[in-house]
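Chemist: For the record, the sequence lines run as chains A and B. Taking the working numbering, I'd label the letters of the first sequence as residues 1 to 596. Taking the working numbering, I'd label the letters of the second sequence as residues 1001 to 1611. Yeah, the Cβ is synthetic: ideal placement off N, Cα and C, and Gly gets one too. Provided herewith is a single structure, encoded as structure tokens, for subsequent inquiry.
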Amino acid sequence: MWLQAICIYTVFIIIGCGIPTAAEEHSLWRWTCENNRCTKIRNEPENKEPVLSLEACKMFCDDYGLLWPKPTIETNLGNFLSKINMNTIDIQITKQGKSDDLLTAAADRFKTLVSSSVPKGFSAKAAGKSVTVYLVNENPYIREFSLDMDESYELYISSTSSDKVNATIRGNSFFGVRNGLETLSQLIVYDDIRNNLLIVRDVTIKDRPVYPYRGILLDTARNFYSIDSIKRTIDAMAAVKLNTFHWHITDSQSFPLVLQKRPNLSKLGAYSPTKVYTKQDIREVVEYGLERGVRVLPEFDAPAHVGEGWQDTGLTVCFKAEPWTKFCVEPPCGQLNPTKEELYDYLEDIYVEMAEAFESTDMFHMGGDEVSERCWNSSEEIQNFMIQNRWNLDKSSFLKLWNYFQKNAQDRAYKAFGKRLPLILWTSTLTDYTHVEKFLDKDEYIIQVWTTGADPQIQGLLQKGYRLIMSNYDALYFDCGFGAWVGSGNNWCSPYIGGQKVYGNSPAVMALSYRDQILGGEVALWSEQSDPATLDGRLWPRAAAFAERMWAEPSTAWQDAEHRMLHVRERLVRMGIQAESLEPEWCYQNQGLCYG
Amino acid sequence: MALHGLLALMTTMHLAGVLCNVESTFDEITPQIYEPSWMYKCVPDEGCQRSEHPRPTLSDNSTSAFFDSLDVCRIVCGRFGGIWPKPVTAALSSQTVKIHPNYLRYDLLNVPAETRELLVEMTQVISNNLLAECGGHVTEVVDTQVVVIIVVKTAITSLNWNTDEQYMLDVQTRGGEVSVHIEAETIYGARHGLETFSQLISSDKRDFSDVEHCGLVLVSGAKIRDRPIYKHRGLVLDTSRHFIPMVDIKRTIDGMATTKMNVFHWHATDSHSFPLEASRVPQFTRYGAYSGSEMYTTEEIRELIHYAKVRGIRVVIEIDAPAHSGNGWQWGREYGLGDLAVCVNAYPWRHLCIEPPCGQLNPANPNMYRVLRNLYQDVADLLNSPPLLHMGGDEVYFGCWNSSQEIISYMKDQGYDTTEEGFMKLWGEFHNKALQIWDEEISAKGLDPQPVMLWSSQLTQAQRISQHLDKERYIIEVWEPLNSPLLTQLLRLGYRTVSVPKDIWYLDHGFWGRTVYSNWRRMYAHTLPRDEGVLGGEVAMWTEYCDAQALDTRVWPRAAAVAERLWSDPTSTVYSAEPRLQRLRTRLIARGLRPDAMSPAWCSQHDSKCL
């Protein structure tokens, strides 16, 4: 009842300042907040109540309005909506420092977001209050990503006079202030009955993320993605406050990364010479990410998952071996030959150029998944090397060989990046918690978990002190659920994972008492069966569901978030993201009536 | 050549620029030229294989076993080249000839005058598709004359199940001239011939980044005899659960035309929304559309029907009734007509309908039939002759009707018990009254009674159907799962059917509940009974979980698998179809669609290596 009263009062204000238009008179429907949900009702001619658009109604019909992800410390959305003029938004940066260019870019993005909140086919009236946004960055010299960067912010909105609204965003770094701008953009809604933009006023929001690492992995080796489609993904990530774009840039199928020192890798390895990423391309993405608070994290997957590109080097074994089922998990096979000294010079060159291209990264992903003993064992040279080292040809000896590779690669990585930056590896037989500490130091390596959320490895690794990033495939592999591209039936991790399951996938529940060792999580889009045409639909809006889990780790389930989720999907579409639909539009217009 | 010259000049200027320290001006406009590039070889039984190493490109495609474009390799490799769906017989040359659309001429002298206008439109579609292979601009100009002589024997322009769709296509290259002969009984057969002709053509765009260059090559010789196995090859699109903009529907029609599908089954309305404008009853969209911008105007509908016709596709409009009707019908009382529908948007919904929002037409209210008659009149005005109406008829919930006192009294008056069979009588009565109205309305236009379509339901069960539905009048669209005996039972009873097994040919499965995603191989492998009573099949796109954003990737390339099943009903394996489907996929992309990816690009560059 309290909420209902607010709604009526609120809209009374809007109507008070606006002259009803023809469109409004003819509006057949209006929405009203009853029992915490917006109900679509007939706008009877004799109706004396204010006529609310769906978005305006939703803004006050829930404690978190239309915000996504929901703020974690304090959310007070006031009682009023004010009509604003999109053309008179002024953004003031109050403290000067070396991150000013980033704040300016974030301010530009904010304006773009405001204009994209107008749905297609509508145009907002250029009338209403002017808006001044003050950006207060307490540490304007910080522009580096790190696992302990401060992403928190505070946001205040108030109306200072009859024709002016002020918003202030305070943060301890560019990253925090930028997050505040995203939230601010979500407090602006469109009234499609009167064609006005409205902003919530009398707002106080205090917010910070629960997990520091909130990522999306994109595999650009199985199928190639244009730079534009990658940027589009980063745009959407920024809108839901995800902060890491993990770029799985190479694999056995293709090597699209252009390296000046080793040009043959992409020359022989790219699908076509146009399907490549030059250093300039990558820097463009890195800069684009930085402006949006998204680190672009490079992965160089090794020693398995290599093949195309390495043809002429003599540094791989079992490349394109047949039948592939004997030597690798999917065609074409290929693995680096760790016994070759020259290999490590190659790796160093690759790492050096990656460090140059991915200049803002504070971490490096070294892959390390799905190494096949049988592949290595098929090489006489490797067998001889192992015999010389007085190793057997059994499982544990191949782990030693793998470790030999990893140690050498690690040294080269440190050398290339010029610092002992945190390294990330996928879970594998090497990272098995029963022996992992023999090979990998917990202070040097972060483990990315891709087994199921119920895997005892998770507790095992946590108990041994390892820090984890959760990408458990049963909830976070977004390639699942389609036809198998090798063999028959549907793909290995079918069925399709719905947004509800993604939302419910809680690292805190898996970690129990070791929650502090969870850095966060990551959605993975392996691209055997997707390319730029399908990218948006595979990722969105499911990655948004994930984003709220990562940002807020809510104790509630998806049902409580559903109506906000439907709205964030509409926002993404308006931004130009081809997000999947979650429910018939009728359910969007009739909140709460499409339950189980 | 002129273009290459220009590039060379720009490169030279670039170097000069470096010397003068102004290189940045040219940095962006000078394309990076990669040579050599991948080449593709057609290997017997293995398909197109990428070369081990990039090789220097060849100046002349026609004499080498290697191709510098995968698409070109595909159109000559294998018995059926890059043609989808597979024709009955095809003999294709392994040579190609360069052509240019400017020197392509259609000879329509042997075409009945009354069909010529439509055929001209058809040829324009084909010409545009050829340009699309090169992204709209064929830069490599050759003056090889290509004459397409079309012979059409009858003046028929109507589309129905008797339309003869067979065609013959011959391509001959002699002395720098290409002659193409297409012969068909009807223009629709000729259109299919033209479509196949366009699939003998590829861009020769090379993999290196000289993006400006694009030429077209045509298979230099071909002899194709082709006709469909099934008469009804359809796609259902639901535009009620989500509104699908016209532009997206047209793009879907483009994909259907590419794969020789011939029925666009438009599930235009449902209980969720009523986007179809009816000029006699404006209340339908006013009360039923999601918003003023989410509706189809009469003019748009008419344009769409013509758009489809030019692409050999008949539009079937479905007005689903008596269930699946709600929003759009809820204004009766306000206009003094009583309840036109009952339990509209009722909740809890569980016992009143299959999914929210509920709604069922009110068969006790004669005004409902008057409004329905107006709607049918509008639909009859829109559809091409002979009009085909789909009356829906699925998922009637007796609980809904039983919740209305008005309906219960009506049943009593009619002498129907309020038992299952009583409600069945009411339901059957609705369909027969609706059919009578439809008959009267089309007879007013001077047309004979036409069969109508109806979904399978409780009413169409084998032991019951004959009491309610005349087998001469109703074509039953069977959507029961594969293990249901209904299809065979109905065939035995003499009904004509269209088959859409939901567990195989529903495109929305795999994203909700316990449904399983049906991949293209599964869709392809499913066969229909070869029976006079099986008119064909449809692939269905229900849109609870899909709107224009995901439409293309949900539908394509999977719908193409069904299209080939219905056109060719092949006995060959799905694996042998895959390279052709990969080619179809790139063709759809060229024509502006966004089909889902089937496999890593590596697999499409190495046919048969990912089995």
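Taking Cβ-Cβ distances shorter than 7 Å, what residues in chain C pair up with residue 1510 of chain B?
Modeler: Note that chain C does not occur in the displayed structure, where the protein chains are A and B.
Chemist: Taking the CB atoms as reference points, tell me whether residue 1474 of chain B and residue 1451 of chain B lie closer together than 8 Å.
Modeler: A contact, by the Cβ cut-off of 8 Å.
Chemist: What's the gap between the Cα of residue 290 of chain A and the Cα of residue 442 of chain A?
Modeler: Near 28 Å, if we compare the C-alpha coordinates of residue 442 of chain A and residue 290 of chain A.
Chemist: Let me confirm a value: residue 468 of chain A is counted as buried when at least 16 other C-beta atoms fall within 10 Å, else exposed. Which label applies?
Modeler: By the 10 Å Cβ count, residue 468 of chain A comes out buried.
Chemist: Hey, residue 529 of chain A and residue 474 of chain A are a contact pair by Cβ (cut 8 Å); roughly how many whole angstroms apart?
Modeler: About 18 Å; that fails the 8 Å criterion.
Chemist: By Cβ distance, which residues of its chain are closer than 6 Å to residue 1029 of chain B, with the 5 residues on each side in sequence left out?
Modeler: With a pLDDT of 40 at residue 1029 of chain B, under the threshold of 50, the predicted position of this residue should be treated as unreliable, though the coordinate-derived value follows. Excluding residues within five positions, none has a Cβ falling inside 6 Å.
Chemist: Count the other CB atoms, across all protein chains shown, that sit within 10 Å of the CB of residue 1431 of chain B; report buried if there are 16 or more and exposed otherwise.
Modeler: Counting Cβ neighbours within 10 Å, residue 1431 of chain B comes out buried, since at least 16 surround it.
Chemist: Considering only residues of the same chain and omitting the five flanking positions on each side of residue 403 of chain A, which have a CB-CB separation below 6 Å?
Modeler: Around residue 403 of chain A: 439.
Chemist: Take the Cβ of residue 1606 of chain B as the centre, count every other Cβ of all protein chains shown within 10 Å, and call the residue buried at 16 or more, exposed below.
Modeler: Answer is buried; the Cβ neighbour count reaches 16.
Chemist: Taking the C-alpha atoms as reference points, what is the distance between residue 1273 of chain B and residue 1239 of chain B?
Modeler: One C-alpha to the other measures close to 8 Å.
Chemist: For the pair the region 1392 to 1412 of chain B and the region 1159 to 1167 of chain B, tell me if three or more CB-CB distances fall below 8 Å.
Modeler: No: the two stretches stay apart, fewer than three of their Cβ pairs being nearer than 8 Å.
Chemist: Considering just the uninterrupted stretch of the alpha helix (DSSP H) at residue 450 of chain A, what are its terminal residues?
Modeler: Per DSSP, residue 450 of chain A belongs to no alpha helix (DSSP H) and is neither H nor E.
Chemist: Can you find the residues in the same chain that come closer than 6 Å, C-beta to C-beta, to residue 160 of chain A, ignoring five residues on each side of it along the sequence?
Modeler: Result list for residue 160 of chain A: 166, in chain order.
Chemist: Which residues in the same chain as residue 221 of chain A place their Cβ atom closer than 6 Å to its Cβ, once the five residues preceding and following it in sequence are excluded?
Modeler: Taken in chain order, the residues that qualify are 250, 251, 253 and 254.
Chemist: Any heavy atom of the ligand FAD inside 7 Å of the beta-carbon of residue 382 of chain A?
Modeler: With respect to small molecules bound, the structure shown includes none, and the ligand FAD cannot be examined in it.
Chemist: Taking Cβ-Cβ distances below 7 Å as the criterion, which residues of the region 1292 to 1305 of chain B are in contact with chain A?
Modeler: Residues passing the 7 Å Cβ filter: 1293.
Chemist: Taking three-plus beta-carbon pairs below 8 Å as touching, is the region 168 to 185 of chain A in contact with the region 103 to 110 of chain A?
Modeler: At 8 Å Cβ cutoff, the stretches touch.
Chemist: Quick check: the Cα distance between residue 1399 of chain B and residue 1352 of chain B, rounded to an integer number of angstroms?
Modeler: About 5 Å.
Chemist: Spell out a yes or no on whether the region 67 to 74 of chain A and the region 201 to 215 of chain A are touching, meaning 3 or more CB-CB pairs, one atom from each, closer than 8 Å.
Modeler: Touching, yes.
Chemist: What whole-angstrom Cβ distance do residue 1290 of chain B and residue 410 of chain A have, given they're in contact under 8 Å?
Modeler: The Cβ separation is near 57 Å, so there is no contact.
Chemist: Looking only at its own chain, which residues have a Cβ that is under 8 Å from the Cβ of residue 136 of chain A, when we skip the five neighbours before and after it?
Modeler: Within the same chain, residue 136 of chain A has close Cβ partners 94, 95, 168, 169, 170, 171 and 177.
Chemist: Kindly indicate if chain A contains any beta-carbon less than 8 Å away from that of residue 1501 of chain B.
Modeler: False, the Cβ-Cβ gap to chain A never drops below 8 Å.
Chemist: Compute the distance between the beta-carbons of residue 1323 of chain B and residue 1360 of chain B, then report whether it is under 8 Å.
Modeler: Yes, the Cβ-Cβ distance between residue 1323 of chain B and residue 1360 of chain B is below 8 Å.
Chemist: From the DSSP secondary-structure annotation, give me the bridge partner or partners of residue 1242 of chain B.
Modeler: BP columns for residue 1242 of chain B are empty, so no partner.
Chemist: Got a sec: which bits of the region 1588 to 1600 of chain B sit with their beta carbon under 7 Å from any beta carbon on chain A, in order along the chain?
Modeler: Under the 7 Å Cβ criterion, the region 1588 to 1600 of chain B contributes 1594, 1595, 1596, 1597, 1598, 1599 and 1600.
Chemist: Using only alpha-carbon positions, find the residue among B/1153, B/1123, B/1253 and B/1535 that is nearest to residue 1476 of chain B.
Modeler: The option with the nearest alpha carbon to residue 1476 of chain B is B/1535.
Chemist: My understanding is that residue 1295 of chain B touches residue 1277 of chain B, with C-beta atoms under 8 Å, so please give their C-beta distance in whole angstroms.
Modeler: Correct: roughly 6 Å between the Cβ atoms.
Chemist: Name the residues in the region 1218 to 1246 of chain B whose C-beta lies less than 9 Å from a C-beta of chain A; which are they?
Modeler: Going along the region 1218 to 1246 of chain B in chain order, one finds 1240, 1241, 1242 and 1243 with a Cβ nearer than 9 Å to chain A.
Chemist: Counting beta carbon pairs with one atom in the region 83 to 90 of chain A and one in the region 145 to 161 of chain A, are three or more of them shorter than 8 Å?
Modeler: No, they do not touch.
Chemist: Report the three-state DSSP secondary structure of residue 375 of chain A (helix, strand or coil).
Modeler: Helix.
Chemist: I'd like the span of the beta strand (DSSP E) that includes residue 524 of chain A, first residue to last.
Modeler: 518 to 525 is the extent of the beta strand (DSSP E) around residue 524 of chain A.
Chemist: Check the Cβ-Cβ distances between residue 1602 of chain B and every residue of chain A, and say whether any is below 8 Å.
Modeler: Cβ-Cβ to chain A under 8 Å: yes for residue 1602 of chain B.
Chemist: Which chain A residues sit within Cβ distance under 8 Å of residue 1547 of chain B?
Modeler: Residues of chain A passing the Cβ test: 581 and 585.
Chemist: Tell me, please, whether the CB atom of residue 537 of chain A is closer than 8 Å to any CB atom in chain B?
Modeler: Yes, because at least one Cβ of chain B sits closer than 8 Å to the Cβ of residue 537 of chain A.
Chemist: Let me check one thing: in DSSP terms, what residues is residue 425 of chain A bridge-paired to?
Modeler: For residue 425 of chain A, which the question treats as bridged, DSSP gives the partners A/447.
Chemist: Would residue 1030 of chain B pass as an interface residue toward chain A - the criterion being a Cβ-Cβ separation below 8 Å?
Modeler: Below a pLDDT of 50, predicted positions are generally treated as unreliable, and residue 1030 of chain B, at 40, falls in that range; the measurement from the model is reported next regardless. Residue 1030 of chain B does not count as touching chain A.
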